[in-house]
Each structure stands twice: as C-alpha cells, then as structure tokens.
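As given, the protein sequences belong to chains L and F, one line each in that order.
Per our numbering, the first sequence starts with residue 435, numbered consecutively.
Per our numbering, the second sequence starts with residue 49, numbered consecutively.
We put the beta carbon where it would ideally sit given N, CA and C, even for glycine.
To keep things clear, I will list the structure first and then write my remarks on it.
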Amino acid sequence: MASKSTVWMVIILIVVIAGIGGYYLYTKPSEGGSNVATITMSTGEKIEIPNGLSGNVMLYTSIPQEIMDGWVKDWNTYFANYTKLDYYRAGSGTVVAKILAEQKAGNVKADVVYLAGYFDFKTLMDNGLITKLPTVPEMNSIPDQYKDPNGYYIMGRLLVMVIVYNPSLVSNPPKSWQDLLQPQWKDKIVIANPLVSGSWQYSVLALVSKYGWGYFQQLKQNNPLVVQDVPDVARSVATGERPIGVTLTMYLKTYTNLNYTIPTDGAIIIPSPIGIINGTKNYADATLLLRYLLSKQAAISLANAYTYSSRTDGPTPPGLPPLTQIKTFETSISALQAYVSGLRDNWTAIFGG
Amino acid sequence: MLLRGQMMIPTATKLSLIAIVFFLIIPPIAFITWDVSYLGFTNFEKLRVLFSKPYYFEIPFRNSIIVCGISAVLSTILGLILAWLLARRAFKREGTLLSLLTGPYVMPSFAMAIGWVLLWTKNGFFEKLSGLSSPINPYGPLSMIIIFALHNYPLALLSIYTGLKNLSPELEEAARIHGIPSRTISLKIILPLLRPHILSGFILAFAYSISEFGAPAVLGIPVGYPVLTTMIYSFMTVAPIEYELAEALSLVLSAIGITLLAVNYFVLKEKRYVAITGKTARIEIKKGSKLGATLIVLILIFVYLPIASVVFGSFIKTIGLPINAENIGLYHFQRVLNMSRVLNALWTTMLVSISAATIASLLGLLVAYTVVRGKGLESKIMDYVIFLPFSIPGLVIGVGLIVTSGRLYPIIYGTWAMLLLAFLIRFLPYATRTIESTLMQIDESLEEASRIHGAGFFKTLRGIVIPITLRAILSSWIFVFNSSVKELSASAILSVQVETAIVVAFMMFSEGFFGDGAALTTILIALTLATTWIFSKIAKIAVPEIAPTA
Chain L
435 MASKSTVWMV IILIVVIAGI GGYYLYTKPS EGGSNVATIT MSTGEKIEIP NGLSGNVMLY
495 TSIPQEIMDG WVKDWNTYFA NYTKLDYYRA GSGTVVAKIL AEQKAGNVKA DVVYLAGYFD
555 FKTLMDNGLI TKLPTVPEMN SIPDQYKDPN GYYIMGRLLV MVIVYNPSLV SNPPKSWQDL
615 LQPQWKDKIV IANPLVSGSW QYSVLALVSK YGWGYFQQLK QNNPLVVQDV PDVARSVATG
675 ERPIGVTLTM YLKTYTNLNY TIPTDGAIII PSPIGIINGT KNYADATLLL RYLLSKQAAI
735 SLANAYTYSS RTDGPTPPGL PPLTQIKTFE TSISALQAYV SGLRDNWTAI FGG
Chain F
49 MLLRGQMMIP TATKLSLIAI VFFLIIPPIA FITWDVSYLG FTNFEKLRVL FSKPYYFEIP
109 FRNSIIVCGI SAVLSTILGL ILAWLLARRA FKREGTLLSL LTGPYVMPSF AMAIGWVLLW
169 TKNGFFEKLS GLSSPINPYG PLSMIIIFAL HNYPLALLSI YTGLKNLSPE LEEAARIHGI
229 PSRTISLKII LPLLRPHILS GFILAFAYSI SEFGAPAVLG IPVGYPVLTT MIYSFMTVAP
289 IEYELAEALS LVLSAIGITL LAVNYFVLKE KRYVAITGKT ARIEIKKGSK LGATLIVLIL
349 IFVYLPIASV VFGSFIKTIG LPINAENIGL YHFQRVLNMS RVLNALWTTM LVSISAATIA
409 SLLGLLVAYT VVRGKGLESK IMDYVIFLPF SIPGLVIGVG LIVTSGRLYP IIYGTWAMLL
469 LAFLIRFLPY ATRTIESTLM QIDESLEEAS RIHGAGFFKT LRGIVIPITL RAILSSWIFV
529 FNSSVKELSA SAILSVQVET AIVVAFMMFS EGFFGDGAAL TTILIALTLA TTWIFSKIAK
589 IAVPEIAPTA
C-alpha cells in the first residue's frame with residue numbers, strides 16, 4: 435500500500451517538475467529586434483525599432499482599463515513582433531506598494547511606470563528606483579513645464595479636476611472653488627478622500643498651497659460627504675445623493691447626466707508622470723514603450739477616455755473644450771512639496787480620517 | 049505493542065508536513081515582524097509616532113474593537129436564533145431555508161456595502177421607488193455593524209446549526225423523562241452544550257470582520273470613522289508611505305487573532321463532549337410558529353436587500369438617469385461578457401479557488417490529524433503557526449509574499465501559483481480548524497483497530513479518518529472556495545496579467561464603471577452559488593450540512 439502511495443507521489447512530482455519546466459520554456463524571451471525597422475503608425479508618426487531589444491517590457495500603471503485596452507491594441511498592431519508588452523494595473527498607491535515590496539525582494543519586475551500623480555512617483559524616486567529617461571523625438575511635442583529639469587520623468591497625461599453638478603437638482607452651480615464655501619451648499623457637496631485618491635490628494639495640496647488649510651476647515655462647515663475616490667464623487671452626484679461634487683472630467687463619459695463648471699480660479703491640472711526603472715534589463719524595450727506612450731497615437735486613447743495628452747497637438751476629448759481654453763489653477767509641484775508631509779495629520783484633524 | 053497516540057503518523061510524512069507549513073507561512077510573517085522590530089531598533093522614534101497621535105492607533109483600534117465586537121455579538125445572536133428555529137422547529141423546506149439564510153456569506157462584503165449605500169442614500173433606490181425619505185443613514189459605525197452582522201451571521205448560524213444537529217440526545221432525553229420543562233432544558237442543558245459552537249461562530253465573525261477592508265472603506269471613510277484596516281491601507285498606499293507603521297498595525301491584528309484562538313482553546317479544553325455516537329436522536333421538534341416564520345422572512349428580506357440593490361443596479365444602463373424601461377436591460381452583462389479580460393479573470397478565479405479549496409482541505413486534514421493525534425511539542429507549535437496570518441489583512445500578506453517569494457521561490461512570481469499561495473496562507477487556518485474540531489470529537493479506537501489489523505497510515509486515513517471527517521473536509525472546501533473567490537486585497541497587489549474576477553470588478557467600481565462592476569459581481573455570485581450547488585450534488589450532501597468552525 436505504501437508503495438502505491440509512493441508511486442503517486444513520484445507521479446505528482448514528475449507532473450510538477452514538467453509543469454515548471456514547460457512554463458520556463460514557454461516564457462523564454464524571444465530573440466526579436468536584431469534588424470532595424472521603422473514602424474509607421476496610423477497618425478503618420480514613425481518610430482524606429484531600437485537595437486538591443488530583449489523582447490519583453492513590463493509596464494506598471496494606474497491608467498484606466500479603457501485607455502490601457504487601446505494601447506495594448508496599438509502595441510499588438512505595431513510592436514508586438516519586436517517586444518512583448520505586459521502590464522500590471524492597480525490604483526497608484528497599490529502600484530507603489532508593490533514596487534517597494536519588489537525592491538525589498540531585490541527583484542523589481544517593472545521596466546516602465548506610469549502613475550496618476552507626482553507624489554506617488556516621488557516615493558519611487560526617493561527610493562532610488564527611477565533612472566534618467568533617454569531623449570526621444572516625441573519629447574519635442576511636449577512643453578517644458580511637463581518635463582523634469584533633471585530628466586527623471588515626463589508627464590504624459592493631464593487630468594482635469596473640475597466642479598460637477600446634477601443639472602436636475604442645481605440650476606445655479608458654484609462658479610469657483612471659493613463658492614463651495616458658501617452656506618447655501620451646506621449638505622450638498624461630495625468630495626473624495628485625499629488619503630485614498632491620488633488625483634484628489636494633488637488637488638487638495640494645490641488648494642492648500644493657495645488658500646491654506648483654512649479652506650478645508652471652512653469647507654468642513656458645509657458638511658461635505660467624503661467618499662473614497664473621485665469616481666465615487668461622480669456616482670454620488672449622478673444619482674443625486676449629493677448634487678455638487680469635485681471630480682475629474684473623465685467621469686463625464688460614464689455619467690452622462692452630469693454637468694460641469696470650470697472654476698473661475700481655474701481647473702486643477704494633474705499631470706501624470708512616466709519613468710523608467712533603475713537597473714532595468716530591458717532599457718531598449720522601455721525606450722520603445724516610452725516613445726509610444728508619448729506619441730500622438732497613444733494620445734488618441736487618452737482623448738477617447740475624456741482625458742488630455744500633454745502634447746501640444748494632443749487630440750481634444752469629444753464634448754470637452756481644448757486644453758488651451760481651460761483656465762488653469764495656478765500651482766506647481768514645487769509649491770505643493772511643502773504640504774505633503776502634513777497632509778495626513780491636517781486632513782485627519784479636520785475630517786477625522 | 050502499540051501505545052495509544054504513539055502510532056500512525058509516519059515520521060517522513062510528519063516532517064514534510066511541518067516543512068510545507070513552515071515554508072508556506074513563516075516567511076511572510078517573519079518578514080513583517082523583522083521589518084517592525086528593525087524599525088524599533090533603528091528608529092524607535094518613528095515607531096513611537098504610531099502611539100503619539102490618537103488617530104494613528106488609538107482611535108482606529110477602538111473603532112475596530114467596537115464595530116467588530118458588537119457586530120460579532122449580533123451575528124452570533126442572529127445565528128443562534130435562526131439555528132434554533134431551523135433545527136428545533138418544523139418548517140417546510142428546511143434545507144432551502146438554510147441555503148437562503150447562509151447565502152449572504154458568498155457575497156463580497158464591499159459589494160454588500162455599496163448596495164447598502166445605493167439603497168438607503170439620499171435619492172437612492174429606496175427613495176426613488178417608494179417616494180418616501182430614507183429612514184437610514186447608510187454611512188457610519190451603525191451601518192458598518194449592520195453590514196458586518198448581515199454578512200457574517202451565516203458563520204455563526206452554520207456552526208451552531210451543526211452543533212444542534214450533532215448534539216448527543218441522552219441528556220436532553222433524561223431531563224425530559226424527569227419532567228423538566230423544555231425552556232429549562234434549553235437554557236440549562238442545550239445552551240451550555242452548544243457553548244463551543246457559539247464561541248466558534250463569534251470568533252469567526254469577529255476575526256473575519258476585523259481583517260476586512262472593503263466594507264469599512266465604503267461605509268466608514270465618508271464620515272471619518274477609521275478602523276485598523278483602513279488605517280493600514282492608508283499607511284501602505286498613500287504618500288507619504290509609512291510601510292513599517294502599516295506592518296506594526298498588522299502585527300496588532302495578528303495578536304488579536306491569536307488571543308481569540310487562545311480563548312477558544314481554553315474554552316474547548318474545558319468543555320469536551322462526545323458528539324458522534326451511534327444512537328439515534330429522539331429530539332422533540334415543535335411545529336414552527338407564525339412568529340418564527342415571520343422572523344425568518346423578515347431577516348431574509350433585510351439580508352438580501354443590499355445584494356438585491358447591486359443586482360438591480362447591474363440592470364440599469366446609466367445610473368442616475370430615471371429608472372424606466374429604456375434604461376433597464378442586459379446592457380452591462382453583454383458588455384462585460386464580451387471582454388476577453390473578464391472571461392480570463394473568471395477562468396483564473398475558478399482555477400485558483402478550486403485548487404486552493406482542494407489543497408487547503410487536504411493539507412488541513414493532514415495538519416489537523418498531526419495536531420490532534422500527535423502529542424509532541426512540534427504539533428502544538430504548528431497549530432499556532434498556522435494561525436499567525438488568521439487576522440492579518442490581505443494587502444499585508446500580499447506584500448509579505450512579494451518580498452519573500454522574490455527571494456525564496458521567484459519562479460512562481462506573477463503566476464497564478466502566487467495567488468494560490470496567498471489564499472492558502474489566508475484560509476488554511478479556517479480549514480484546519482474546521483477539521484480539527486471534528487477530529488477532536490472522535491475517539492482514537494477506530495484508528496487503532498485499523499492499525500492493529502495491519503493497515504498503514506494512508507490506508508487508515510482513507511478508510512477511517514476521511515469518511516468520519518468527510519463533512520468537515522467538504523465544509524472547509526466550500527469555505528475556502530467561497531473565501532478565495534471573494535478575496536480582494538491580496539489578489540489586487542499580486543495579480544500581474546493573471547487577474548481574478550473580483551479584482552476586475554473592484555477596478556470597474558473604482559474607475560467609475562458602476563454598471564459593469566455590478567454586472568460582474570452578479571455573475572460572480574451566480575457562479576459561486578452554482579459551484580457550491582454542483583459540489584454538494586457531487587458530494588451527495590445538502591449544502592446546509594456544510595459548516596465551518598473555528
């Protein structure tokens with residue numbers, strides 16, 4: 435009887451070993467990329483396939499699935515023969531937590547990161563995880579304000595934070611960020627939690643850098659509902675739970691009954707940084723991916739999802755004004771820097787957590 | 049000459065088992081502990097920060113204990129009442145009723161919380177459909193308590209129901225023969241006998257809710273009511289990231305879990321009873337009263353409301369627009385089922401959850417056997433080690449796994465085997481405990497007889513132990529399967545390319561595609577129910593007979 439179970443054990447062992455071996459063979463990197471080729475994309479843009487491709491590139495990102503789907507489709511059309519694109523997608527904070535854990539394990543799997551906002555990206559830089567970007571032709575179409583002077587990141591996507599309202603419940607919506615403080619909006623406002631939402635965190639810091647924490651102390655008097663993330667704000671306003679909210683233009687696509695105003699003191703523009711992981715074995719592949727991500731071709735998917743590209747010639751999302759016509763809230767990353775470390779304490783002191 | 053308890057488990061089996069268990073569970077936990085103690089040595093000031101501000105530790109800790117404590121008590125009371133009604137009162141279709149009443153457990157609790165909000169909020173489904181103003185504020189501790197209680201009472205119900213059904217009838221019969229009124233019998237005889245099961249139900253409900261993130265995030269954050277898990281997530285994922293503080297809080301959760309376990313142990317040790325006898329029960333079953341029936345129906349309605357509102361939401365094309373014929377349909381189901389990503393994710397979910405359930409039940413059986421029958425110190429240590437991750441949130445387990453697997457078993461990194469490992473670590477304690485508690489009630493004599501007649505360890509296992517503990521094994525299978533399908537926080541950080549369906553659904557919710565998320569959640573619930581049903585048919589047992597215990 436014992437021999438029979440031994441036989442079973444051996445069989446199981448063989449199957450396991452065969453499986454592992456098969457997996458290794460199956461995922462062995464392909465030998466692509468030795469002959470130089472130039473790819474022409476549907477926008478007419480040309481990208482040369484760089485030398486020294488390993489055949490694999492891994493993107494860690496918080497980009498919404500809808501955009502990612504468009505990019506993967508493009509990639510499969512133009513570049514999949516040269517290098518295989520894999521990606522991991524989660525909220526910005528989870529992406530950072532994962533990379534930090536991989537760093538502790540001594541094995542960072544990501545080659546390229548594309549996060550929602552600057553401060554999550556900064557955590558990676560502070561941990562020595564980001565290397566300098568190569569200079570690629572696509573950067574010429576992007577204004578200097580979206581480039582790191584030291585060359586560690588470049589902003590690819592711009593999110594636009596505006597005031598949204600439910601037109602069936604509000605006829606005369608607030609016109610500015612200051613308007614939200616008026617007593618007539620008591621119990622009517624919904625906002626996100628900056629300890630959950632990266633884009634709202636950036637916006638809170640922007641508002642604080644201009645108006646101080648007093649702005650949120652006053653806002654608290656209006657008893658806003660603090661939901662988790664910016665899409666929850668959109669849902670809350672769309673369903674009429676609260677008639678007014680602060681969220682990104684991208685959610686106007688799903689929640690078609692929403693209306694928006696661009697605050698007179700300016701919509702908050704949240705630039706999304708792209709970087710390359712320090713010590714990546716797939717630098718050439720990462721360069722190719724970077725070129726694509728900064729291309730006008732990739733910007734089409736951004737616009738389809740109601741977000742903007744940082745390119746000067748980026749397409750405008752349907753139904754939204756061109757970026758040049760949107761009044762922008764005056765702020766800069768360096769102005770926000772000073773308020774980051776106090777965010778958790780100050781926010782918790784006002785809103786409780 | 050064989051001595052009692054000294055037989056059976058071959059040394060090789062035992063050693064390899066210990067190796068597997070330790071290799072599986074120790075590394076991630078050791079990493080967390082190391083990180084925290086390292087911080088304690090090198091930067092004690094930073095660790096002290098945790099206790100310097102009340103809302104870092106004190107307030108979340110207090111909130112967690114209050115909410116989870118009260119909800120676990122409610123879960124247990126609800127479970128006890130329902131178990132009593134079902135086991136001791138004759139209602140038609142007892143099996144169906146029990147299946148319905150245990151249903152909420154297969155629902156993801158974050159989806160239940162979202163459903164709860166949609167239902168009761170201003171301009172929510174209740175107000176839209178009834179025209180009245182909502183009587184309930186869907187946010188805050190009270191709602192958290194209600195949702196936890198509604199989600200977790202099936203754990204208590206199943207545990208107590210199994211206890212009632214397996215109860216040895218002699219004492220009760222003797223009391224009845226002596227003319228003792230049935231109320232006294234219930235209070236003085238049955239209730240004390242049920243104590244281990246009641247405690248079991250309470251501990252399961254408490255441990256499950258204290259490590260839960262989804263529901264508190266949806267219901268607590270909007271009104272500034274942090275709990276330990278939401279604080280851990282904030283420390284871990286929001287800049288400025290405070291990794292080690294998150295881990296320190298996780299160790300607090302682990303300590304709470306171990307303490308509960310120790311309490312459970314103490315009580316079980318004190319009160320051992322023989323449940324499996326050859327005698328047929330002659331228990332007095334009264335007719336079900338109107339009051340009881342009304343109570344069951346009311347509970348059913350209340351329990352299914354939040355989930356019904358998610359399912360309802362999945363049929364609405366654009367949420368926010370008026371609910372009329374044009375705005376209702378299968379739109380989101382068509383969308384979701386046309387995404388190859390969703391189909392892949394559903395496949396991954398089934399593959400990983402079925403594997404996790406199968407391995408956890410078999411491993412659980414071996415571990416339980418070693419722990420219960422083995423008398424050495426190593427069995428006791430193993431028992432506690434298995435329970436270290438008992439109440440640690442999934443995100444922290446996920447991070448621990450990434451760090452340790454990168455060094456120990458890099459080959460599985462990013463594959464579905466990684467998810468499988470996470471599920472095993474999280475749910476093996478439940479599987480082991482379920483089988484252990486059954487095994488403890490069985491006398492060793494049967495195994496001895498088998499051994500004396502020349503059967504080897506594996507033959508005895510197959511011929512004696514497995515048949516006797518079959519119900520417990522199947523019960524842990526179902527439990528681990530359901531829990532794996534719902535597991536969100538470890539899966540979210542571990543899945544690269546291979547995603548599970550719940551992660552996809554959660555991302556849909558969190559990216560504003562509410563209808564798609566609701567539709568996928570509905571599909572997932574249907575799939576879980578179908579699998580459980582098919583499994584119970586194959587195993588030829590009624591679903592309700594499947595009960596987890598702590």
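Check, Outcome
"Helix, strand or coil for E482(L)? Go by DSSP, reduced to three states.", "strand"
"Run the CB neighbour count on Q579(L), radius 10 Å, all protein chains shown included, and call it buried at 16 or more, exposed below.", "exposed"
"Give a yes or no on whether the minimum CB-CB distance between V583(L) and chain F is below 8 Å.", "Checking the sequence, you will find Pro at residue 583(L) rather than Val. It does not; no Cβ of chain F falls within 8 Å."
"Output yes or no for whether 8 Å exceeds the beta carbon distance between L394(F) and L542(F).", "no"
"Examine chain L for any beta-carbon lying closer than 8 Å to the beta-carbon of F562(F), and answer yes or no.", "yes"
"Measuring straight from C-alpha to C-alpha, what distance separates L456(F) and Y586(L)?", "32 Å"
"Please report how far the alpha carbon of I225(F) lies from the alpha carbon of R231(F), in whole angstroms.", "14 Å"
"Beta-carbon of K462(L) versus every beta-carbon of chain F: anything under 8 Å?", "With a pLDDT of only 45 at K462(L), under 50, the local geometry of the prediction cannot be trusted, and no value is derived from it."
"Which residues share a DSSP beta bridge with Y587(L)?", "Answer by DSSP bridge pairing: none, since Y587(L) is not bridged."
"Specify, as a first and last residue, the run of the alpha helix (DSSP H) that G679(L) falls within.", "No alpha helix (DSSP H) holds G679(L); the beta strand (DSSP E) holding it covers 678-682."
"Anything in chain F within Cβ reach of R669(L), meaning under 8 Å, just list it in chain order.", "I367, G368, G560, F562"
"Return yes when the Cβ of A739(L) is within less than 8 Å of the Cβ of T500(L), no when it is not.", "Inspection of the sequence shows that residue 500(L) is occupied by Glu rather than by Thr. Against a cut-off of 8 Å, the Cβ pair of A739(L) and E500(L) comes out as a contact."
"Note down, in chain order, every chain L residue with its Cβ under 7 Å from the Cβ of P270(F).", "L659, V660, V661"
"Taking 8 Å as the threshold (beta carbon to beta carbon), is P76(F) in contact with chain L?", "no"
"Report the neighbours of Y516(L) on chain F: residues whose CB is nearer than 7 Å to its CB, in chain order.", "Within 7 Å Cβ-Cβ: nothing; Y516(L) doesn't reach chain F, min ~19 Å."
"In terms of DSSP beta bridges, what is N693(L) paired with?", "Y599(L)"
"May I have a chain-ordered list of the beta strand (DSSP E) segments no shorter than 3 residues that lie completely inside the segment 535-581 of chain L?", "546-548"
"Using only alpha-carbon positions, find the residue among Y432(F), T463(F), D564(F) that is nearest to P609(F).", "There is no way to answer for residue 609(F), as the model of chain F reaches only from 49 to 598."
"What's the C-alpha gap between T278(F) and P264(F)?", "7 Å"
"Going along chain F, which residues have a C-beta under 7 Å from Q618(L)?", "Ordered by position in chain F, no residue passes the 7 Å Cβ test against Q618(L), which lies about 17 Å from the chain."
"Whose CA, out of F139(F), N171(F), I402(F), lies closest to the CA of S181(F)?", "N171(F)"
"Starting from P12(F), trace the alpha helix (DSSP H) both ways and give me its first and last residue.", "Residue 12(F) lies beyond the residue range present for chain F, which begins at 49 and ends at 598; the question has no answer from this structure."
"For P577(L), does the count of other Cβ atoms within 10 angstroms reach 16, so buried, or fall short, so exposed?", "exposed"
"Note down, in chain order, each residue of its chain lying with its Cβ closer than 7 Å to the Cβ of I77(F), except the 5 sequence neighbours on either side.", "L436, P437, G448"
"Leaving out five residues on either side along the sequence, give the residues of the same chain with a beta carbon under 7 Å from the beta carbon of Q651(L).", "I784"
"By Cβ distance, which residues of its chain are closer than 6 Å to D699(L), with the 5 residues on each side in sequence left out?", "S610, W611"
"Which residues of the segment 83-107 of chain F have a Cβ closer than 9 Å to any Cβ of chain L? Give them in chain order.", "D83, K101, Y103, Y104, I107"
"At 4 residues or longer, what runs of the alpha helix (DSSP H) sit wholly inside the segment 83-152 of chain F?", "92-100, 106-136, 142-150"
"Give the residues of chain F in contact with P665(L), contact being defined as C-beta atoms less than 9 Å apart.", "F557, S558, E559, G560, F561, F562"
"Tell me the residue span of the beta strand (DSSP E) that contains P705(L).", "702-711"
"Would DSSP call R421(F) helix, strand or coil?", "helix"
"Is the CB-CB distance between S488(L) and V529(L) below 8 Å?", "no"
"Strictly under 8 Å for the Cβ-Cβ distance: is S584(F) near chain L by that measure?", "no"
"When you compare each of N600(L), P628(L), Q771(L) to W669(L) by their alpha carbons, which one comes out closest?", "Before going on, a small fix: residue 669(L) reads as Arg here, not Trp. Taking only the C-alpha atoms, the option nearest R669(L) is N600(L)."
"At least one CB of chain L closer than 8 Å to the CB of Y313(F): is that the case?", "no"
"Could you tell me whether any Cβ in chain F is nearer than 8 Å to the Cβ of M435(L)?", "Bear in mind that a pLDDT of 42 at M435(L), under 50, signals an unreliable position, so the number given afterwards is only what the model happens to contain. Closer than 8 Å: yes."
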